[in-house]
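These notes are about the structure you will find just below.
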Amino acid sequence: MIGFLKFVKKETLHILRDSRTMLIALLMPVVQILLFGFAISTEVNNVNVAVVVPKWDEQIRQSINKLSSNPYITYKGAIAEHEIDRNLRSGRVDAIVVFAHDFDRLMTQWKQNGNGNAAMQFIMDASNTNTAQAGAGYLNNILAGELMQSNSLVETHMLFNPQMKSAFNFVPGIMGMIFILICAMLTSVAIVREKETGTMDVLLVSPVRPLTIILAKMTPYFILSCINLTTILLLARFVLGIPMSGNLSSIIVVSLVYLLLSLSLGLLISTIAKQQIVALLISAAVMIMPIVMLSGMMFPVENMPAVLKPVSAIVPARWYIDAMRKLLIQGASFGLILKDFLILVGMTLALLAIALKNFKDKLE
Amino acid sequence: MSNTHFIIQVKNLTKQFGTFTAVDHITFEVERGEIFGFLGANGAGKTTAMRMLCGLSYPTSGSGTVAGFDVVKEGEKIKRHIGYMSQRFSLYDDLTVMENMELFGGIYGVKSRKLKERATALLQKLDFFEERDTMVSALPLGWKQKLAFAVATLHRPEIVFLDEPTGGVDPITRRQFWEMIYQAANEGTTIFVTTHYMDEAEYCNRISMMVDGKIKALDTPTNLKKSFNAASMDEVFRILARDAQRGD
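So the protein sequences, as listed, match chains A and B.
As numbered in our numbering, residues 7 to 370 make up the first sequence, in order.
As numbered in our numbering, residues 172 to 419 make up the second sequence, in order.
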């Protein structure tokens, strides 16, 4: 390992002196995780609900109290029957609850017999099917929950994510995407840049071994990525409230392997591409589609057509995301993610080997 | 084993890319301590030949030794004993003068303390010590080239390969550059230099002229001018290159 440390120092200086790239590398993950954690959310919040009350009584007052105190519902007050259409069309409300004129009597009947006539009606704005379905679900739970549960055929428990928070689902996915994109982009230019400036020739005629060059190039980026890993885990835990129920050291070990894998992938791209811009395009634009579509980040792998399943198996993010879901959300033990882990290790070694071989082949 | 008198000995060295023969059975020797000019038009095969000598490219056929090591089998060993400076500027722009010197010295295994001494001495000789913490990108091209040469000889190689080292540099700096080359040669380093400035060819001890992958002439500048009955090296070159098939 002639001059390995000198080489690491050189690569570190390159990074430190390119403050713009470093800023992007450190800020992009934070912005992305916050964006996906907060802004992009599939759960339905703030359903605007108005009520139509033909005759006020104690039962209705209680029901409305339950509605207005629920965090997912924004209570918009009582309206007259002829205002229903206008309220829904104008978008002022997403749902209207119409109470029966003998609500009190009907409810008592239900409580005693466990059946009876409809006591209320939900009118939903279904132009957004997602909101309408979720909203109807909420209203059902809030207003008729006690009756349903007392003699229900099925009892459902939402384990691991009882509130169905979409951040729980997104964070492992977004971690899988951010790490591979950022690491690959950073390292993909590392070797190409030297080809472009001509310094590569000087390195090739020097006695430095290709393995030394590759490892030395990876080292500072690896440290940078570890900083990113720390920020993301902290944000996930304390800002997004991800449970992190699994063993922290398992989470870190799997993530470190994934970082190495992503860096190796970038280096491989770097040995293939002839210009920096090509390297960046491959590592960002070309890779983002399979990662988002096939990794299970957005769409479950189980739902994919048979032809796409094997394709998704070669997307490294798929295995990492799977492992992170199990570790972060379900609190699985290391044994349960061993398969994911071994696949990631195998992929890392393969990518490094191919990158190294490619690099050596440049010598003709 | 290699003859200690010759630092480069090459026999029938050939490089083919598919059906194209870039270097076609070249045979020559370079003596220790001489300044050897390796001339030829663009596309004549100079760079390819030089890459084989530096261990950057494997010959298709033929044999040879550089600094006593086989060009086919011992490329890695050759790399330790040579210095190289390419036509493209080859230091790191975003490192300082001293950082570049430390990096390349370190790559060649020069020990830290020795490296500091040598780098300081070199910079003082170049009257450049004040600029040791200047970023290389801030230097004028002529200075960068001189610095690149200094870096290429920092580990005291037996032979330095210079690939068109003075391209795009003004005449005064070129003159100074050649003074550095002479100085290194006086200290016993062999210089192997490609150039297409014919006036520079006159500075060399011996010259080889490559046309279409073959060495068409090899002698001292004086002898070459005499045998081709030419007034200048430029004329010798034009006579030789008249029947060239490739290049421009």
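All C-beta atoms in this analysis are idealised placements derived from N, C-alpha and C, irrespective of residue type, glycine included.
Note that this is a predicted model, so its numbers are computed, not measured.
Cα-Cα separation, residue i to residue j
{"i": "L297 of chain B", "j": "S308 of chain B", "result": "18 Å"}
{"i": "P342 of chain B", "j": "L221 of chain A", "result": "42 Å"}
{"i": "I249 of chain B", "j": "A323 of chain B", "result": "15 Å"}
{"i": "L274 of chain A", "j": "Q281 of chain A", "result": "14 Å"}
{"i": "F209 of chain B", "j": "M272 of chain B", "result": "27 Å"}
{"i": "G204 of chain B", "j": "T393 of chain B", "result": "19 Å"}
{"i": "R23 of chain A", "j": "L230 of chain A", "result": "14 Å"}
{"i": "M293 of chain A", "j": "A190 of chain A", "result": "10 Å"}
{"i": "A86 of chain A", "j": "P306 of chain A", "result": "44 Å"}
{"i": "A415 of chain B", "j": "M381 of chain B", "result": "10 Å"}
{"i": "A323 of chain A", "j": "R199 of chain A", "result": "27 Å"}
{"i": "K201 of chain A", "j": "F365 of chain A", "result": "11 Å"}
{"i": "T219 of chain B", "j": "L11 of chain A", "result": "32 Å"}
{"i": "L325 of chain B", "j": "K317 of chain B", "result": "12 Å"}
{"i": "V194 of chain B", "j": "Q180 of chain B", "result": "16 Å"}
{"i": "L411 of chain B", "j": "A401 of chain B", "result": "11 Å"}
{"i": "Y374 of chain B", "j": "T391 of chain B", "result": "10 Å"}
{"i": "Q115 of chain A", "j": "V59 of chain A", "result": "19 Å"}
{"i": "M164 of chain A", "j": "G143 of chain A", "result": "14 Å"}
{"i": "G211 of chain B", "j": "E335 of chain B", "result": "11 Å"}
{"i": "L286 of chain B", "j": "A292 of chain B", "result": "10 Å"}
{"i": "F191 of chain B", "j": "S379 of chain B", "result": "22 Å"}
Residue-level contact to chain A via CB, residue i, 8 Å cutoff
{"i": "L274 of chain B", "result": "yes"}
{"i": "R250 of chain B", "result": "A small correction: the amino acid at residue 250 of chain B is Lys; Arg does not occupy that position in the sequence shown. At least one chain A Cβ lies under 8 Å of K250 of chain B."}
{"i": "L227 of chain B", "result": "yes"}
{"i": "I278 of chain B", "result": "yes"}
{"i": "M172 of chain B", "result": "Note that M172 of chain B has pLDDT 40, beneath the 50 cutoff, so the model's placement of it is unreliable and no number is given."}
Chain-ordered neighbours of residue i on chain A, where CB pairs are closer than 9 Å
{"i": "L310 of chain B", "result": "What L310 of chain B touches in chain A: nothing, since even the nearest Cβ is about 15 Å away."}
{"i": "L266 of chain B", "result": "K16, L19, H20 and R23"}
Per-residue contacts from residue i into chain B (C-beta, under 7 Å)
{"i": "V208 of chain A", "result": "Y255, S257 and S261"}
{"i": "K12 of chain A", "result": "E273, L274, G277 and I278"}
Within chain A, partners of residue i - CB distance below 7 Å
{"i": "E270 of chain B", "result": "L19"}
CB contact check: residue i to chain B, cutoff 8 Å
{"i": "S270 of chain A", "result": "no"}
{"i": "T205 of chain A", "result": "yes"}
{"i": "E370 of chain A", "result": "For E370 of chain A, the predicted structure reports a pLDDT of 49, less than 50, and the residue's modelled location is therefore unreliable. A value from the coordinates is still provided. Yes - at least one Cβ of chain B is within 8 Å of the one on E370 of chain A."}
{"i": "G43 of chain A", "result": "no"}
{"i": "G352 of chain A", "result": "no"}
{"i": "G143 of chain A", "result": "no"}
{"i": "G247 of chain A", "result": "no"}
{"i": "G302 of chain A", "result": "no"}
{"i": "G9 of chain A", "result": "yes"}
Beta-carbon gap between residue i and residue j smaller than 8 Å
{"i": "C225 of chain B", "j": "V211 of chain A", "result": "yes"}
{"i": "F228 of chain A", "j": "L266 of chain A", "result": "yes"}
{"i": "V57 of chain A", "j": "F105 of chain A", "result": "yes"}
{"i": "I330 of chain B", "j": "T366 of chain B", "result": "no"}
{"i": "G43 of chain A", "j": "V177 of chain A", "result": "yes"}
{"i": "K61 of chain A", "j": "H107 of chain A", "result": "yes"}
{"i": "P230 of chain B", "j": "M223 of chain B", "result": "yes"}
{"i": "L342 of chain A", "j": "I257 of chain A", "result": "no"}
{"i": "N357 of chain B", "j": "I206 of chain B", "result": "no"}
{"i": "P226 of chain A", "j": "I30 of chain A", "result": "no"}
{"i": "S228 of chain B", "j": "K182 of chain B", "result": "no"}
{"i": "R284 of chain B", "j": "L294 of chain B", "result": "no"}
{"i": "D253 of chain B", "j": "V268 of chain B", "result": "Going by the sequence as given, residue 253 of chain B is Ile instead of Asp. Cβ distance not < 8 Å, so I253 of chain B and V268 of chain B don't count as in contact."}
{"i": "T277 of chain A", "j": "A361 of chain A", "result": "yes"}
Under 8 Å by beta carbon: chain A residues contacting residue i
{"i": "E247 of chain B", "result": "P213"}
Cβ shell of residue i (< 8 Å), same chain only, five flanking positions each side left out
{"i": "M181 of chain A", "result": "I39, I238, A242, S261, Y326, I327 and M330"}
{"i": "L314 of chain A", "result": "L300"}
{"i": "V55 of chain A", "result": "L73, I79, T80, Y81, K82, V99, D100, A101, I102, V103, G141 and L145"}
{"i": "L149 of chain A", "result": "S69, K72, L73, V103 and M126"}
{"i": "V321 of chain A", "result": "P296, I297, L300 and S301"}
{"i": "Y263 of chain B", "result": "E270, N271, L274 and V307"}
Spatial neighbours of residue i in its chain, beta-carbon cut-off 7 Å, leaving aside the 5 residues before and after
{"i": "T354 of chain A", "result": "V263, L266, L267 and S270"}
{"i": "G339 of chain B", "result": "L312"}
{"i": "Q65 of chain A", "result": "F109, D110 and M113"}
{"i": "A321 of chain B", "result": "L293 and L297"}
Neighbourhood of residue i by C-beta distance below 6 Å, restricted to the same chain and skipping five residues each side
{"i": "Q336 of chain A", "result": "F166"}
{"i": "F240 of chain B", "result": "K248 and I249"}
{"i": "L333 of chain B", "result": "M256 and V364"}
{"i": "Y279 of chain B", "result": "H326"}
{"i": "F13 of chain A", "result": "A222"}
Under 9 Å from the C-beta of residue i: neighbouring residues of chain B
{"i": "Y97 of chain A", "result": "Correcting the residue identity first, residue 97 of chain A is Gly in this sequence and not Tyr. Neighbours of G97 of chain A on chain B: none; closest Cβ ~55 Å, over 9 Å."}
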